[in-house]
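Everything in the sequence shown is counted per numbering that gives the first Met the number 0, starting at 0 for the first residue and increasing by one. Quick reminder that beta carbons are idealized off the backbone N, C-alpha and C, glycines included. What you are looking at is a predicted structure, and each value in this text was computed from that prediction instead of being measured.
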Amino acid sequence: MARIAILLEDRCHPKECQWECQAYCPPVRMGQECIVEGPTGRPIISETLCIGCGICVHKCPFDAIKILNTPEADPSEIVHRYGYNGFRLYRLPAVPRQGITGLLGPNGTGKSTALRILAGTEVPNLGAFDAAGAWPTVLERFRGTQLHEHFRRVASGELTVAAKPQYVDRLAEGGGSVAEMLGNLPGGAAAASLDAVGLLGHRDRPLAELSGGELQLAAIARTLATPADLYLFDEPSSYLDIVHRLKVARLLRRLGESKSVVVVEHDLALLDYLADSAHLVYGEEAAFGVISHPLPMRTAINTYLTGYLKDENVRFRTDPVRFVAHPPKLAPRGSALVTFGALAKRYPAFSLATEPGALQRGETVGIVGPNATGKTTFVKMLAGVERPEEGSPPTGVTVSYKPQYLKATGPASLRERLDARRSDPGFDSGLFERELVPGLRLDGVMDVALTDLSGGELQRAAVALALAQPATLYLLDEPSAYLDADERMAMAKLIRRQVERQAVSALVVDHDVYFLDLASDALMVFRHPDGALDRGAGAGPFAMREGMNRLLREVEVTFRRDAETRRPRINREGSVLDREQRSSGEYYYEAAA
0 MARIAILLED
10 RCHPKECQWE
20 CQAYCPPVRM
30 GQECIVEGPT
40 GRPIISETLC
50 IGCGICVHKC
60 PFDAIKILNT
70 PEADPSEIVH
80 RYGYNGFRLY
90 RLPAVPRQGI
100 TGLLGPNGTG
110 KSTALRILAG
120 TEVPNLGAFD
130 AAGAWPTVLE
140 RFRGTQLHEH
150 FRRVASGELT
160 VAAKPQYVDR
170 LAEGGGSVAE
180 MLGNLPGGAA
190 AASLDAVGLL
200 GHRDRPLAEL
210 SGGELQLAAI
220 ARTLATPADL
230 YLFDEPSSYL
240 DIVHRLKVAR
250 LLRRLGESKS
260 VVVVEHDLAL
270 LDYLADSAHL
280 VYGEEAAFGV
290 ISHPLPMRTA
300 INTYLTGYLK
310 DENVRFRTDP
320 VRFVAHPPKL
330 APRGSALVTF
340 GALAKRYPAF
350 SLATEPGALQ
360 RGETVGIVGP
370 NATGKTTFVK
380 MLAGVERPEE
390 GSPPTGVTVS
400 YKPQYLKATG
410 PASLRERLDA
420 RRSDPGFDSG
430 LFERELVPGL
440 RLDGVMDVAL
450 TDLSGGELQR
460 AAVALALAQP
470 ATLYLLDEPS
480 AYLDADERMA
490 MAKLIRRQVE
500 RQAVSALVVD
510 HDVYFLDLAS
520 DALMVFRHPD
530 GALDRGAGAG
540 PFAMREGMNR
550 LLREVEVTFR
560 RDAETRRPRI
570 NREGSVLDRE
580 QRSSGEYYYE
590 AAA
């Protein structure tokens with residue numbers, strides 16, 4: 000076993016503590032320099048002298064230290080390392096001359112770092128963190144491998160790379176319009192790519208006025224229009240609804256027929272559909288990441304779900320993720336907990352009308368449909384945030400609402416927010432600390448200011464606070480946003496378990512099919528009636544099979560279940576299963592293969 004000591008510098012505040020890590024360290028008490036002050040004023044932990052007792056981890060008031068016992072790693076496989084007690088990345092993905100390669104793994108395990116190295120924007124230091132990386136050293140290290148030729152072309156400037164960044168919301172910070180962002184690209188290619196993603200009519204709009212989904216599409220269009228040998232897409236599905244996710248997937252598949260494409264993606268159904276092979280990335284968030292050897296796409300995702308990498312004899316998941324086919328859920332007579340009538344809302348450029356429905360005790364209902372069909376407006380009307388023009392929200396129902404867009408205000412930490420809520424009537428602080436904190440992996444961020452949390456951490460904190468508030472109806476708008484695949488699956492199962500245990504109801508708006516398959520008992524479906532983009536219509540709840548059939552018939556895509564894991568898989572257009580399911584009208588998981 001190898002021992003890795005990690006110091007999270009953004010959490011370490013040596014001037015605000017008593018250096019408990021050093022004071023309680025057994026080797027230090029025995030006179031060994033296991034923990035010393037480094038040049039930045041923060042501690043440096045010797046991995047050689049560390050005995051792995053974990054005392055410093057528990058004594059640190061800021062949860063800034065991780066001591067990990069890992070399988071013995073070959074030092075020659077370290078590709079990049081950030082500081083003595085910093086993150087380290089092992090191995091890199093292979094880059095074929097054409098086709099689509101996926102990268103699949105938790106946040107904070109080095110996927111974006113791997114993309115930057117492949118693009119040449121970051122030269123790998125091969126573990127020598129005290130000096131900048133140099134291409135001659137890199138080329139010598141990878142001599143005789145497929146990556147040697149790749150890095151030779153990168154170092155010589157022979158390889159051109161186009162990359163779509165992970166955080167597209169930052170594109171609007173520089174100002175300008177969509178056309179100006181694509182201004183230095185060939186005019187015909189720019190217009191064609193904007194048309195392909197559906198933004199040609201928005202080319203003159205300022206970036207600051209675009210939604211998150213429109214910014215994502217603009218970034219994808221710019222990348223597609225850039226002439227390059229290698230295309231890198233970091234989380235291209237973020238902010239997109241299922242319609243646009245499939246549209247983008249088809250565009251990338253077409254690109255991969257002649258170019259080399261590497262995609263980082265957390266939507267497993269989408270990645271399965273568009274990629275030819277994938278590398279799994281496993282490790283510990285902010286500590287280390289290991290990139291596996293390439294696997295065929297079906298094998299890669301099934302291995303990811305089972306958590307055992309056979310060819311490397313590594314288990315990275317304690318309990319495998321299991322999907323189940325959803326038989327119709329028969330509700331006892333009179334068990335409806337929440338009923339709502341027909342609702343209508345009108346804006347100057349959009350109107351929404353929804354049919355009446357009922358939610359059963361212990362039932363989680365997913366809300367699906369393209370963007371701009373009124374899903375968030377419907378949830379806001381039920382929450383009392385928006386007032387409908389026709390109909391009224393259910394009465395006698397207590398509601399706990401997690402909005403779509405989150406913004407942390409004030410310097411308070413999650414622990415301080417929890418302490419302030421303890422006196423709220425019915426707020427279940429015991430549930431929060433006992434089940435929600437460990438279930439949503441919030442242990443390490445309880446004392447971090449909410450304004451310093453990442454998007455995924457803030458999302459998990461908001462869902463935990465919403466579920467700890469006693470209510471008859473829980474309304475969660477896009478709870479999987481910013482989460483990696485592991486976090487999405489854990490949250491889906493936690494939401495469903497809490498709703499069933501408390502015998503309440505929940506409505507969950509989301510676009511991730513895997514998330515909805517794990518979380519939902521039934522579906523509400525929203526659409527544009529007769530294709531009119533200025534109108535939205537919502538109906539349901541329907542049984543999962545009927546609801547997904549209604550949605551997928553509109554999207555024109557069919558799903559099946561994997562024979563081994565029972566997970567949803569998108570059928571390739573024109574395949575035997577695709578044709579059979581379309582002809583029978585069964586778009587949803589009819590066959591397993």
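>> By alpha-carbon positions, which one of Gly455, Glu563, Ala463 and Ala217 ends up nearest to Gly429?
In response: Ala463
> Since Pro567 sits in a beta bridge, which residues does DSSP pair it with?
Replying inline: Arg560
> With a Cβ-Cβ cutoff of 7 angstroms, do Ile50 and Tyr23 count as a contact?
Replying inline: Cβ distance not < 7 angstroms, so Ile50 and Tyr23 don't count as in contact.
>> Considering only the alpha carbon of each residue, which of Tyr473, Ala189 and Gly174 lies closest to Leu206?
In response: Checking every option, the nearest Cα to that of Leu206 belongs to Gly174.
>> Restricting to runs no shorter than 4 residues, where is the alpha helix (DSSP H) found entirely within the stretch 50-114?
In response: 54-58
> For Asn124, which option in Leu199, Tyr83, Asn68 and Val280 has the closest C-alpha, if you only look at C-alpha atoms?
Replying inline: Tyr83
> Considering only the beta carbon of each residue, do Asp233 and Val263 sit closer than 7 angstroms?
Replying inline: yes
> Ends of the alpha helix (DSSP H) at Gln403?
Replying inline: Where Gln403 is concerned, there is no enclosing alpha helix (DSSP H), given that its DSSP letter is neither H nor E.
> Taking the beta strand (DSSP E) that Met523 falls in, what are its first and last residues?
Replying inline: Ala521 to Arg526
> Which residue comes first and which comes last in the beta strand (DSSP E) that contains Asp271?
Replying inline: Counting along the chain, Asp271 falls outside any beta strand (DSSP E), though it belongs to the alpha helix (DSSP H) covering Leu267 to Leu273.
> Leaving out five residues before and five after Pro402 in sequence, what residues of the same chain have Cβ atoms less than 7 angstroms from its Cβ?
Replying inline: Asp476
> So what does DSSP say about Thr376, is it helix, strand or coil?
Replying inline: helix
>> Taking 7 angstroms as the threshold (C-beta atoms), are Val337 and Leu515 in contact?
In response: If you check the CB distance, Leu515 and Val337 do not come in under 7 angstroms.
> Anyone know if the C-beta pair for Leu291 and His278 falls short of 7 angstroms?
Replying inline: With the sequence shown as reference, residue 291 is identified as Ser, and Leu is not the correct amino acid for it. In this structure, His278 lies closer than 7 angstroms to Ser291 by Cβ.
> Distance, Cα to Cα, Thr144 vs Pro95?
Replying inline: 12 angstroms
>> Between which two residues does the alpha helix (DSSP H) holding Gln21 run?
In response: Glu19 to Ala22
> Taking just the CA atoms, how far does Lys163 sit from Arg332?
Replying inline: Since pLDDT at Arg332 reaches only 46, below the 50 mark, its modelled position is unreliable, and the value read off the structure follows with that caveat. So the two alpha carbons sit approximately 52 angstroms from each other.
> Which value, in whole angstroms, describes the spacing of the CA atoms of Leu482 and Arg386?
Replying inline: 31 angstroms
> Mind pulling the beta strand (DSSP E) runs of 3 or more residues that sit fully within the stretch 190-239?
Replying inline: Within the stretch 190-239, the complete beta strand (DSSP E) segments at least 3 residues long are 229-233, listed from N- to C-terminus.
> Taking the DSSP output, what are the residues bridged to Pro42?
Replying inline: Glu36
>> Helix, strand or coil for Glu499? Go by DSSP, reduced to three states.
In response: helix
> Can you check whether the CB of Leu251 is closer than 7 angstroms to the CB of Leu270?
Replying inline: no
> Among His510, Met488, Ala63 and Asp62, which residue has its Cα nearest to the Cα of Leu551?
Replying inline: His510
> Are there 16 or more other CB atoms within 10 angstroms of the CB of Asn370, so buried, or fewer, so exposed?
Replying inline: buried
> Is the stretch 359-367 close to the stretch 516-534, with three or more CB pairs under 8 angstroms?
Replying inline: yes
> Taking the continuous alpha helix (DSSP H) assigned at Val177, which residues delimit it?
Replying inline: Val177 to Met180
>> For chain D, check one thing: does any of its Cβ atoms lie closer than 7 angstroms to the Cβ of Pro205?
In response: This model lacks chain D altogether, as it is built from one protein chain only.
> Under the three-state reduction of DSSP, which class applies to Lys14: helix, strand or coil?
Replying inline: helix
> For the alpha helix (DSSP H) that Pro540 lies in, which residues bound it at each end?
Replying inline: First-last for Pro540: Arg534 to Ala542, but that is the beta strand (DSSP E), not the alpha helix (DSSP H).
> What is the C-beta distance between Thr375 and Leu351, in whole angstroms, given that I count them as a contact (C-beta under 8 angstroms)?
Replying inline: The pair is not a contact, with the Cβ atoms about 10 angstroms apart (cut-off 8 angstroms).
> Are the Cβ atoms of Leu7 and Ala341 separated by less than 7 angstroms?
Replying inline: no
> Can you tell which of Gln165, Arg169 and Ser192 has the C-alpha that lies nearest to the C-alpha of Ala178?
Replying inline: Selected option, being the one with the closest Cα: Ser192.
>> My output table needs one value for Lys344: the three-state DSSP class, helix, strand or coil.
In response: strand
>> With the cut-off set at 7 angstroms, would you say Val512 and Ala268 are in Cβ contact?
In response: Yes, they are a contact pair.
> Between which two residues does the beta strand (DSSP E) harbouring Glu283 extend?
Replying inline: Ser276 to Glu283
> How many Å lie between Gln97 and Gly255 at the Cα?
Replying inline: 6 angstroms
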